[in-house]
Amino acid sequence: MIGTAIAAVLALTIGAAVYLTVNRSELPYPFNARPTASPSAPIRHGPPLRPGQPIDDRTLAKVSPDDFYFDLLRRQMTQPVGVVTSSLFLTPESFAHREPLEIYQVGIDHRTGADVHSKKSTVSITGYREGRPTSVTRCDRGTPYTYNLPASGYRPGWQVDTVGSCDLTKVRLGMPSSDGITPNGLSDRQATAYISALRTKDFSGFVVPQRPTVITTGGHRYIRQVVDFKPRKLADEYYWGDQIFIWAFRDAVGDVAEWPFMPDQFAGGQGLHAIYYIDPGTLLPTASKIRATALLDENGQPKEDPQQTNVVDYAFPKQLTPVTRKDHRPLHLTVPEGWKI
1 MIGTAIAAVL
11 ALTIGAAVYL
21 TVNRSELPYP
31 FNARPTASPS
41 APIRHGPPLR
51 PGQPIDDRTL
61 AKVSPDDFYF
71 DLLRRQMTQP
81 VGVVTSSLFL
91 TPESFAHREP
101 LEIYQVGIDH
111 RTGADVHSKK
121 STVSITGYRE
131 GRPTSVTRCD
141 RGTPYTYNLP
151 ASGYRPGWQV
161 DTVGSCDLTK
171 VRLGMPSSDG
181 ITPNGLSDRQ
191 ATAYISALRT
201 KDFSGFVVPQ
211 RPTVITTGGH
221 RYIRQVVDFK
231 PRKLADEYYW
241 GDQIFIWAFR
251 DAVGDVAEWP
261 FMPDQFAGGQ
271 GLHAIYYIDP
281 GTLLPTASKI
291 RATALLDENG
301 QPKEDPQQTN
311 VVDYAFPKQL
321 TPVTRKDHRP
331 LHLTVPEGWK
341 I
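Residue numbers (the UniProt record's numbering): 1 to 341.
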């Protein structure tokens with residue numbers, strides 16, 4: 001019965017997007033059983049790379065793909081300040097044609113408060129139509145304001161947005177403050193708990209990193225790593241993918257309601273195909289392209305394949321830059337290697 005109830009959670013919208021009808025942070029593990037812990041910590045295959053050390057393909061060849069990726073996650077998670085600029089493209093066509101609906105930029109300084117109600121934040125949103133920016137919304141001192149750009153067809157100027165909100169508790173669904181794989185602002189202990197949860201025996205094979213390589217594109221040098229997150233069949237006989245991040249995150253932080261920094265962008269059963277672009281100096285991500293893979297039936301065969309794509313730019317400043325209404329420049333995305341995945 002529980003398996004049937006969990007399966008009923010998934011709902012398909014008309015078109016390609018797949019969403020959940022409930023808050024995924026509240027879903028129990030299948031049959032309320034927590035995953036079986038690994039018998040021991042994963043064995044490293046060599047010393048970790050250090051930010052600032054010279055890196056080329058020969059250096060990367062000496063590091064296992066798993067070690068490199070989980071070290072990247074740990075560095076990302078433990079940054080106290082993070083700014084994420086992102087947009088979710090609901091179809092491969094909207095991604096290929098560079099037509100976002102909205103681009104969000106959310107910054108969080110996790111040093112400034114213990115929970116979601118007290119952390120300092122910045123929020124900016126740019127609305128788009130047919131690839132052209134139509135509006136700019138910013139949270140200025142706790143109040144959302146919107147500026148209508150010429151492409152909107154409305155009179156330009158700043159006005160209070162009576163529909164929007166600057167409440168951080170709404171960042172989960174409306175204003176993503178992370179890439180959906182991991183947030184920043186975690187302690188070393190929480191980061192260890194999150195990674196350990198992802199690497200438990202029951203989730204073996206969920207995270208599949210490929211070997212990182214050095215590339216140069218658009219005049220910039222990156223470390224490029226492809227990581228696949230493959231749905232796993234769990235105790236309830238259903239395949240789970242993106243939901244595993246929520247379970248692992250809940251293990252790491254405890255009360256998810258006080259840390260709503262993992263957006264519900266994909267359905268819990270979907271896997272992901274991610275391409276990371278990493279700064280060779282800091283060994284932190286600068287951009288990623290994350291495409292959802294098909295939902296699987298009980299036999300592991302694709303049943304729905306929406307192929308949404310999340311494009312993310314990352315920044316980890318020493319402190320947040322206040323958002324103001326001194327200008328109305330729209331947000332744009334940096335997409336290394338162009339609009340392909």
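A virtual CB, placed ideally from N, CA and C, is assigned to each residue, including glycine.
Under the three-state reduction of DSSP output, H273 falls in the strand class.
With 16 or more other Cβ atoms inside 10 Å of its own Cβ, G127 counts as buried. Counting C-beta pairs with one atom in each stretch, the region 90–102 and the region 64–82 have fewer than three that are closer than 8 Å, which means they do not touch. Q159 has its alpha-carbon roughly 15 Å from the corresponding atom of C166. Look at the beta carbons and you see the region 255–275 touching the region 230–246: at least three pairs across the two are nearer than 8 Å.
Between G157 and P144, the C-beta gap is not smaller than 7 Å, which leaves the two residues out of contact.
With a threshold of 16 other beta carbon atoms within 10 Å, T217 falls short and is exposed. Going by DSSP, P260 is part of no beta strand (DSSP E) at all; its letter is neither H nor E.
DSSP, read as helix, strand or coil, puts Q190 in helix.
In summary, G254 is exposed, with fewer than 16 beta-carbon neighbours lying within 10 Å of its beta-carbon over all protein chains present. Short of 7 Å from the beta carbon of D188, and not among the five residues preceding or following it, lie these beta carbons of its own chain, in chain order: T78. When secondary structure is reduced to three states using DSSP, P302 falls in the strand class.
Residue range P92 to A96 is occupied by the alpha helix (DSSP H) that includes A96.
Beta bridge pairing from DSSP links S121 with I108. Here R221 is actually not in contact with L60; their C-beta atoms are around 13 Å apart, not less than 8 Å. For A151, no beta strand (DSSP E) encloses it, and the DSSP letter there is neither H nor E. Proximity of the region 79–89 to the region 42–58 falls short of the contact definition, fewer than three beta-carbon pairs being nearer than 8 Å.
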